[in-house]
Amino acid sequence: MNVPTTPFSSSSRRSYSQRRPVASTARQCYTLRYPDGNTSTKKKKPSPSSSSSSIHVPVNHVPTTILVDTGAAISLIHEQKLSNMQHKPITPCSLKEVHTANSGFISLLGIVNLTVQINHLVTHVDAYVVRDLICPMILGRDWIQQNYADINFCTHRLYLYHGLVSTPLLPSPRHEPVLMSLSHSIIIPPFHQKFIYGSVSIKSLDDALFTPNIALQHAR
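Taking UniProt numbering, I'd label the letters of the sequence shown as residues 1 to 220.
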């Protein structure tokens, strides 16, 4: 199985998410081939309806929403989602932490072999089990390259093995920013992190991303 290749100061810390390749995510479409074998280079505009790179397919026979992430070197599954499945034993792994795209770290509990079914085709993946994940499961480049996966935003589908099978992409989720009020003023120095208390107008929320307001960072 492919593992991240960018080491940190410790051998147990490696890169989980890197810059996304343009080829898999570019929203420009090209017609393929004419009957005579010639290739057209005429661009076609994508459909106005936007799609995410997520799919909803069975994992170990349990319907699961999966993010297909070309920027992730490895595949991950949330421990809570895994607990709802019948699965093989979790195997300890030498890789203990991975570096996330937002400069954080995710601890790895072990690795488990899972089946991911795309229509009639059953694929296999060695997924790392984690407690902190923004979605139920992520399929990284290890699974993408092994199964020749192609994300096509023009047809809104994920294809495997050069079109042998496909499944629709899920619509892009709605992004509704919510202001969070802090209980007191804080200062977070560069390269530091703090646990803070705040309140929002939403009663409950399973997944959220905290993004500081750039315009306020230099305010006094």
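Where is the CB? At the ideal position from N, CA and C, for every residue including glycine. Values in this document were obtained by computation on a predicted structure and should not be read as measured data.
Check your understanding: How should Arg131 be labelled, buried or exposed, when 16 other C-beta atoms within 10 angstroms of its C-beta is the threshold for buried?
Key -> Your numbering for residue 131 matches position 131 in the sequence shown. Label assigned to Arg131: exposed.
Check your understanding: When burial is assigned at 16 or more other CB atoms within 10 Å of the CB, is Phe191 buried or exposed?
Key -> On the sequence shown, residue 191 is found 191 positions in, with the first residue counted as 1. That one is exposed.
Practice item. Check whether the Cβ atoms of Leu160 and Ser53 sit closer than 8 Å, and answer yes or no. Key: Numbered from 1 along the sequence shown, position 160 holds the residue referred to as residue 160. Numbered from 1 along the sequence shown, position 53 holds the residue referred to as residue 53. Taking 8 Å as the Cβ cut-off, Leu160 and Ser53 do not qualify as a contacting pair.
Check your understanding: Which of helix, strand or coil does DSSP assign to Ile188?
Key -> What you label residue 188 is simply residue 188 of the sequence shown in a count that begins at 1. Three-state result, Ile188: coil.
Practice item. Label Ile92 either buried or exposed according to how many other C-beta atoms from any shown protein chain fall within 10 Å of its C-beta, with 16 as the threshold for buried. Key: The residue labelled residue 92 in the question sits at position 92 within the sequence shown. Here the sequence assigns Pro to residue 92, which means Ile is not the residue at that position. Exposed, since its Cβ has fewer than 16 Cβ neighbours within 10 Å.
**Study point:** Paired residues, beta bridge with Tyr128 - DSSP
**Key:** Indexing the sequence shown from 1 puts residue 128 at position 128. In the DSSP output, where bridge partners are listed per residue, Tyr128 has Leu76 and Ile111.
Check your understanding: What is the DSSP secondary structure of Leu82, reduced to helix, strand or coil?
Key -> Residue mapping note: residue 82 aligns to position 82 of the sequence shown, counting from 1. In the structure shown, Leu82 sits in a helix (DSSP, three-state: H, G or I).
Practice item. Assign Val22 to one of three DSSP states: helix, strand, or coil. Key: Counted from its first residue, the sequence shown places residue 22 at position 22. Note that Val22 has pLDDT 35, beneath the 50 cutoff, so the model's placement of it is unreliable and the number below is only indicative. Looking at Val22 - three-state DSSP - the assignment turns out to be helix.
Practice item. Count the other C-beta atoms from every protein chain shown that fall within 10 angstroms of the C-beta of Pro136, then say buried if there are 16 or more, exposed otherwise. Key: What you label residue 136 is simply residue 136 of the sequence shown in a count that begins at 1. The residue in question, Pro136, is buried, as its Cβ has 16 or more Cβ neighbours within 10 Å.
Check your understanding: According to DSSP, what are the bridge partners of Thr167?
Key -> To locate residue 167, count along the sequence shown from 1; it is residue 167. Thr167 is bridged to Leu158.
Exercise for review: Find the nearest neighbour of Trp143 within the set Pro189, Ser183 and Val125, judged by alpha-carbon distance.
Suggested key: Position 143 of the sequence shown, counted from the first residue, corresponds to residue 143. Of Pro189, Ser183 and Val125, the smallest CA-CA separation from Trp143 is found for Val125.
Exercise for review: State the Cα-Cα distance for the pair Lys96 and Val57, rounded to the nearest angstrom.
Suggested key: For the purposes of this step, residue 96 is identified with residue 96 of the sequence shown, where counting begins at 1. For the purposes of this step, residue 57 is identified with residue 57 of the sequence shown, where counting begins at 1. So the alpha carbons of these two residues sit roughly 28 Å apart.
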